[in-house]
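Some notes on the structure that comes next.
Number of protein chains: 2
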Amino acid sequence: MAHIKPADIERESMNILTAELTARGMVLEGETEAVVKRVIHTTADFDYAENLRFTPQAVARGVEALRGGVVVTDTHMALSGVSKPALARLGGTARCFMADPETAEQAKAAGSTRAAAAVLRAEAEVPAAILAVGNAPTALLRIAERMEAGWRPALVIGVPVGFVNVVESKERIWEVCTRLGVPAIVSLGRKGGSNVAAAICNALLYTAAGLLDPSSRN
Amino acid sequence: MAHIKPADIERESMNILTAELTARGMVLEGETEAVVKRVIHTTADFDYAENLRFTPQAVARGVEALRGGVVVTDTHMALSGVSKPALARLGGTARCFMADPETAEQAKAAGSTRAAAAVLRAEAEVPAAILAVGNAPTALLRIAERMEAGWRPALVIGVPVGFVNVVESKERIWEVCTRLGVPAIVSLGRKGGSNVAAAICNALLYTAAGLLDPSSRN
Numbered sequence: 129m130a131h132i133k134p135a136d137i138e139r140e141s142m143n144i145l146t147a148e149l150t151a152r153g154m155v156l157e158g159e160t161e162a163v164v165k166r167v168i169h170t171t172a173d174f175d176y177a178e179n180l181r182f183t184p185q186a187v188a189r190g191v192e193a194l195r196g197g198v199v200v201t202d203t204h205m206a207l208s209g210v211s212k213p214a215l216a217r218l219g220g221t222a223r224c225f226m227a228d229p230e231t232a233e234q235a236k237a238a239g240s241t242r243a244a245a246a247v248l249r250a251e252a253e254v255p256a257a258i259l260a261v262g263n264a265p266t267a268l269l270r271i272a273e274r275m276e277a278g279w280r281p282a283l284v285i286g287v288p289v290g291f292v293n294v295v296e297s298k299e300r301i302w303e304v305c306t307r308l309g310v311p312a313i314v315s316l317g318r319k320g321g322s323n324v325a326a327a328i329c330n331a332l333l334y335t336a337a338g339l340l341d342p343s344s345r346n
Numbered sequence: 129m130a131h132i133k134p135a136d137i138e139r140e141s142m143n144i145l146t147a148e149l150t151a152r153g154m155v156l157e158g159e160t161e162a163v164v165k166r167v168i169h170t171t172a173d174f175d176y177a178e179n180l181r182f183t184p185q186a187v188a189r190g191v192e193a194l195r196g197g198v199v200v201t202d203t204h205m206a207l208s209g210v211s212k213p214a215l216a217r218l219g220g221t222a223r224c225f226m227a228d229p230e231t232a233e234q235a236k237a238a239g240s241t242r243a244a245a246a247v248l249r250a251e252a253e254v255p256a257a258i259l260a261v262g263n264a265p266t267a268l269l270r271i272a273e274r275m276e277a278g279w280r281p282a283l284v285i286g287v288p289v290g291f292v293n294v295v296e297s298k299e300r301i302w303e304v305c306t307r308l309g310v311p312a313i314v315s316l317g318r319k320g321g322s323n324v325a326a327a328i329c330n331a332l333l334y335t336a337a338g339l340l341d342p343s344s345r346n
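Line by line, the protein sequences give chains A and B.
Counting in the numbering used here, the first sequence runs from 129 upward without gaps.
Counting in the numbering used here, the second sequence runs from 129 upward without gaps.
So, in structure tokens, the structure goes:
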């Protein structure tokens, strides 16, 4: 194996997975293509070409919201995976409320999970955030509940992974977001994860960077 | 959906995936079972029941190495995913050299990737570490090269994900580890990731905790 530059490896990876998508007869639509490809790049799992769902113009609206916006993740792992340099170039920031002592206190007082308490903090402190949920179905359920009460986050990325309450939580957030006209990107079924949540944020960031400077990404 | 405690959700998740493994005729062997199940729990991807490879007693030796040992990850995302409380209970610590300015300088001076430079720092600073590689094939290749030169880390977890050099890097580390008698856990094929690397570390940590206190995990 010759020494290859990371940027060349990424370009070659995208070429390979694009060719395989075509060979499998999987057609990606317009603005969703960059997101689906980056998730497959992150997981090597072509199931995401079929299980990711986007509300109309979710990508365009997510990209807009990133400029000077705030990404809120439900795990520190997803937070770690979001490209901070790319986000900073757009004037954006990223936060995770999960491990704050204040969140733990509020969860204890309310008898809720920390994930659900963290959602209330996001609503109170950064109501126009992009919410990236890769782990906690209870976070998605709380977001849905608060949206019914009037909250309108900029974008909901709903991609928890797992075997209990996960499928239902994603169906619920999808129904609420489509009904209330809030942009959403959701992986239906069991699959997802903090890595998938971060990959979707990064795909939006790179798309935004490409719009600012088309030569910056291939 | 009723409110269910996280520990109950995890138990129920493990029951569901165990039943599905049985239904699919997938039989897991002894000490590897906890690791494979945790990776499937993290990814909802049953492919890991077939692509994870373990050298003999890799789990037992990894568990031993965690007591007072050091886990070195190749990404901050994997580092974030390793359970710090579980690790601290065993007197262990976790590190990632990737983002250190010193690593960047050494990579520049050597004309290598930062991932490869980070491996040299691990060898120099924590030679008996558990190496958890979820992202960079160049890290695995550098580990293989240094093992040929005499290095003997405690355990190599080789689970990068991707389309270029990834399959080859995992086949190479597997060959070197098996030939030199170094414990290894490798996901053959394209799949893996920082989340998988962290899940394997956590499975070892929980196995170790269970050995110390069998009532602590189900």
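Note that CB positions come from ideal geometry on N, CA and C, so glycine has one too.
In whole angstroms, what is the alpha-carbon distance linking Pro194 (chain A) and Gly209 (chain A)?
Note on residue identity: the sequence assigns Leu, not Pro, to residue 194 (chain A). Spanning the two alpha carbons is a distance of roughly 16 Å.
Buried or exposed: where does Ser141 (chain B) fall if 16 or more other Cβ atoms within 10 Å of its Cβ makes it buried?
buried
Starting from Gly359 (chain B) and walking both ways along the beta strand (DSSP E), at which residues does that stretch end?
One cannot answer for residue 359 (chain B) here, as it falls past the ends of chain B, which runs 129 to 346.
Contact test: Arg270 (chain B) Cβ vs the ligand GTP heavy atom, cutoff 6 Å
This structure lacks the ligand GTP; in fact it carries no ligand of any kind.
Here's a check: name, in chain order, each residue in its chain whose Cβ is nearer than 8 Å to the Cβ of Ile328 (chain A), leaving out the five neighbours to either side.
Val163, Arg166, Val167, Ala260, Ile285, Val287, Ile313
Proximity winner among A:Pro281, A:Asn179, A:Ile271, relative to Ile258 (chain A) (alpha-carbon distances)
A:Pro281
Over the uninterrupted beta strand (DSSP E) stretch that includes Leu259 (chain B), give me the two end residues.
258-261
Using DSSP bridges, identify the partner residues of Ser315 (chain B).
B:Leu180
Answer with yes or no whether the minimum CB distance from Ile271 (chain A) to chain B is below 7 Å.
no
Please list, in chain order, the chain B residues whose beta carbon lies closer than 9 Å to that of Ala172 (chain A).
Within chain B, the residues placing a beta-carbon under 9 Å from that of Ala172 (chain A) are Val289, Gly290, Phe291, Val294, Gly317, Arg318, Lys319, Gly320, Gly321, ordered along the chain.
Cβ closer than 8 Å: which chain B residues qualify as neighbours of Pro134 (chain A)?
Within 8 Å Cβ-Cβ: Thr241.
Do the stretch 224-238 of chain A and the stretch 246-254 of chain A touch if we need at least three Cβ pairs shorter than 8 Å?
yes
For a contact meaning CB atoms closer than 7 Å, what does Gly286 (chain A) contact in chain B?
In chain order: nothing, as chain B lies at least about 15 Å away.
Cutoff 7 Å; reference Arg152 (chain A); Cβ partners in own chain excluding five residues on either side
Phe174
Could you confirm whether any beta carbon from chain B is found closer than 7 Å to the beta carbon of Glu140 (chain A)?
yes
Please confirm whether Ile313 (chain B) has its beta-carbon closer than 7 Å to some beta-carbon of chain A.
Ile313 (chain B) does not count as touching chain A.
With the cut-off set at 7 Å, would you say Val295 (chain B) and Val254 (chain B) are in Cβ contact?
no
For Ala264 (chain A), the three-state DSSP class (helix, strand or coil)
Note: Ala264 (chain A) maps to coil in three-state DSSP.
With 16 other Cβ atoms within 10 Å as the buried cut-off, status of Val155 (chain B):
exposed
Within chain A, partners of Leu145 (chain B) - CB distance below 8 Å:
Phe291
What span of residues does the beta strand (DSSP E) with Thr201 (chain A) cover, start to end?
198-201
Might you give, ordered along the chain, the residues of its own chain that have their beta carbon closer than 8 Å to the beta carbon of Ala227 (chain B), omitting 5 neighbours on each side?
His204
Is it true that the CB of Ala206 (chain A) sits closer than 7 Å to the CB of Ala326 (chain A)?
Their beta carbons are under 7 Å apart, which means Ala326 (chain A) touches Ala206 (chain A) by this criterion.
Closest by C-alpha distance to Asn263 (chain A), when choosing among A:Gly309, A:Lys319, A:Ala277, A:Gly278:
A:Lys319
Determine whether the beta carbon atoms of Leu332 (chain B) and Val200 (chain B) lie at a separation below 7 Å.
no
Hey, would you say Thr266 (chain A) sits closer than 7 Å to Ala244 (chain A), going by beta carbons?
Yes; because the gap between Cβ atoms is below 7 Å, this pair is in contact.
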